[in-house]
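Okay, structure first, notes after.
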Amino acid sequence: MFNCLLAVESSWLQPLVWTDYRLAVIFALIIPLVIFVWAFVQKAEAIQHLMITYLRVASLLIISLYLMVAALPIGFLTLLMARVLIPISLWFWVDLNEEVSEMPNSGLKSLFTSWRWAATVYNLLGAIALIPVLHCGFSQSQKDLIADATCRIWLDPPWLYRQTFSPNLTPQFLGFFALVGLAVYILYLGYFVFFKLGKQGRSAMG
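40 is the number that our numbering gives to position 39 of the sequence shown; each next residue is one higher, with no gaps.
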């Protein structure tokens, strides 16, 4: 049931989905890690804080990936949530934004600024692209989810990821791991919003 080599009918959507996952590797993982390490080396604290916030929020993408490996419908909902929360996290702190804008011009500042705009546009477009398949998140069962050709297209890249990087782990185990991660994520997000946000000593966007 979880064999990603069981091909679905070719569709114009399929190459777009695969392109989206490839872009996610670049915009959500590789470039952010480069920026974070560079900011740490140059002791650019404002960018460090923003990147730490981003990495915490973007961890929901990894959780969503494993939920979709297990063909759990909620993975579509968490993926949409991640695409919305990431742009918010990148622009949320007004004082950090001002500190970045006041930094002298440098390669780090240029890369961070370019990436932040690109990541914002990419995630907002990704959120819009998920709206037509939002029904996948409300499928009654894994069987129903996989039976839907449109939903299935979105599952193929996560299944290939599992076969490549976690071939010895079952989808069920990875799905359980993802559900635990999601529970922790929601608890931390709730703690941050209701208890920690007002004590940050920073200015949030209006």
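Ideal placement from N, C-alpha and C gives every residue a C-beta, glycine not left out.
{"Query": "Rounded separation between P159 and F93 - CA only", "Result": "30 Å"}
{"Query": "Limits of the alpha helix (DSSP H) - the one that F177 falls within", "Result": "172-192"}
{"Query": "Close-in-space but distant-in-sequence residues of the same chain around L6 (CB under 6 Å, 5 per side omitted)", "Result": "Its pLDDT being 39, under 50, L6 is placed unreliably by the model, and nothing is read from it."}
{"Query": "Three-way DSSP call (helix, strand, coil) for M160 in this model", "Result": "Just to set this straight, residue 160 is Trp in the shown sequence, not Met. Residue state, collapsed to three classes: helix."}
{"Query": "Sufficient close CB pairs (3 or more, under 8 Å) joining the segment 46-63 to the segment 87-106", "Result": "yes"}
{"Query": "Helix, strand or coil at W94 according to DSSP, with G and I counted as helix", "Result": "strand"}
{"Query": "Straight-line Cα distance separating L183 from T151", "Result": "24 Å"}
{"Query": "Any 3 or more C-beta pairs closer than 8 Å across the segment 71-83 and the segment 131-145", "Result": "yes"}
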